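First comes the structure, then the notes that go with it.
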Amino acid sequence: GEDVEQSLFLSVREGDSSVINCTYTDSSSTYLYWYKQEPGAGLQLLTYIFSNMDMKQDQRLTVLLNKKDKHLSLRIADTQTGDSAIYFCAEIPMDTGRRALTFGSGTRLQVQP
Amino acid sequence: GAVVSQHPSWVICKSGTSVKIECRSLDFQATTMFWYRQFPKQSLMLMATSNEGSKATYEQGVEKDKFLINHASLTLSTLTVTSAHPEDSSFYICSAWTSDSNQPQHFGDGTRLSIL
C-alpha cells in the first residue's frame, strides 16, 4: 500500500539548519520529491531525488535518501523566516500505473527570528 | 510565471449552490490533470484524475455526482461541486501532469471554497 509519513511540526531559529524527515512504504518509486506550501497557496516543487542516488545538494537544500530504511530527509541550511511553510514529501508509486503523486502528511516549519 | 492557472482563488456561497472551479494549463497541453482536496492542517488527498476526452477516474469515497469533472480540451479541466454544503468547504488544488519526471506536475494556486 501507499503510506508516506512525516513529523507534523518543527521549530528552529533563524540561521540554524532544519531537517525534515519522511518515511515511505512503496519501494517502487523512481523519484521522490519535496514540495513547499505557503499559507493559502499551491505547491512549489523544491527538489527531487532519483531513487538510485543517496544524496543531492541544491544550494541550501540537501536531500538524503536511505532506500534500505525507506527514509528521506530534507535539510535546509541557514534557515530563514521566509522558509516558514509546510513541507511535503511525495512519491509516484510506479507499480500502480498511476501518475498521481502520493503526499506525506506535511511538516509545518516555523522559523523564529 | 504560473503555468497552471486556477480560478477562482476564493469563493463564498450559500448552501445548495453549485460552484465551478477551472484549471488551465497556460503554455503546455495537459492530457491529464488532477484534483486534490486539502482540509486545514492536513495533506493533499487525491480526489480524481481528469483525462482529456474521457471520463474522470475518481478515488474511492469520492462521489462522482457530487464532484463533476470535465476535461473537454487539452488546456482546461473543470471541477463542479454540485449542491454544495458546509462540509464541502475546503481548499481544492488542481495540477497538470507534464510527463517530465523531474517536474511531474505543475500546481494551481488553489481555490478556497467556503459554504455558508
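As you go down the protein sequences, you meet chains A and B in turn.
With this note's numbering applied, the first sequence corresponds to residues 13 to 125, in that order.
With this note's numbering applied, the second sequence corresponds to residues 500 to 615, in that order.
Here a beta-carbon is modelled for each residue, glycine too, at the ideal position from N, C-alpha and C.
All values reported here derive from a predicted model rather than from experimental measurement.
Taken in chain order, the members of the region 92–112 of chain A whose beta-carbon sits within less than 7 angstroms of a beta-carbon on chain B are Phe100, Ile104, Arg111, Ala112. Under DSSP, threonine 556(B) forms a beta bridge with Thr548(B). Listed in chain order, the non-local C-beta contacts of serine 514(B) below 8 angstroms within the same chain comprise Ala583, His584, Pro585, Ile614, Leu615, local neighbours out to five positions each way being set aside. Residues of the same chain with a CB within less than 7 angstroms of the CB of phenylalanine 538(B), apart from the 5 flanking positions on each side, are Ser589 in chain order.
Across the region 30–63 of chain A, CB contacts with chain B closer than 9 angstroms involve Thr42, Tyr43, Tyr45, Tyr47, Gln49, Gly52, Ala53, Gly54, Leu55, Gln56, Leu57, Tyr60, Phe62, in sequence order along the chain. Counting only Cβ-Cβ distances below 7 angstroms, proline 507(B) has no contacts in chain A at all, with the closest Cβ about 13 angstroms away.
Taking a contact as a CB-CB distance under 8 angstroms, the pair phenylalanine 566(B) and valine 503(B) does not count as one, their CB atoms being some 19 angstroms apart. With respect to the 8 angstroms criterion, isoleucine 568(B) and leucine 575(B) are not classified as neighbours on the basis of their beta carbons. Non-local beta-carbon contacts of glutamate 551(B) in its own chain, meaning distances under 6 angstroms to residues more than five positions away in sequence, involve Thr530, His570, Leu573 in chain order.
Under the three-state reduction of DSSP output, threonine 119(A) falls in the strand class. The CB of asparagine 569(B) never comes closer than 8 angstroms to any CB in chain A; the least such distance is about 18 angstroms. By the CB criterion at 8 angstroms, glycine 54(A) and isoleucine 592(B) fall inside the cutoff. Secondary structure note for asparagine 33(A): its beta strand (DSSP E) is the uninterrupted segment 30–36. Following the DSSP letters along the chain, one finds aspartate 70(A) inside the beta strand (DSSP E) bounded by residues 67–70. Residues of chain B with a Cβ closer than 8 angstroms to the Cβ of serine 117(A) are, in chain order, Gln541, Ser542. Looking from the CA of glycine 94(A), the closest CA among Gly27(A), Asp38(A), Ser19(A), Leu57(A) belongs to Gly27(A). Here the alpha carbons of leucine 84(A) and tryptophan 596(B) stand approximately 23 angstroms from one another. Around the beta carbon of glycine 116(A), 16 or more other beta carbons sit within 10 angstroms, so the residue counts as buried.
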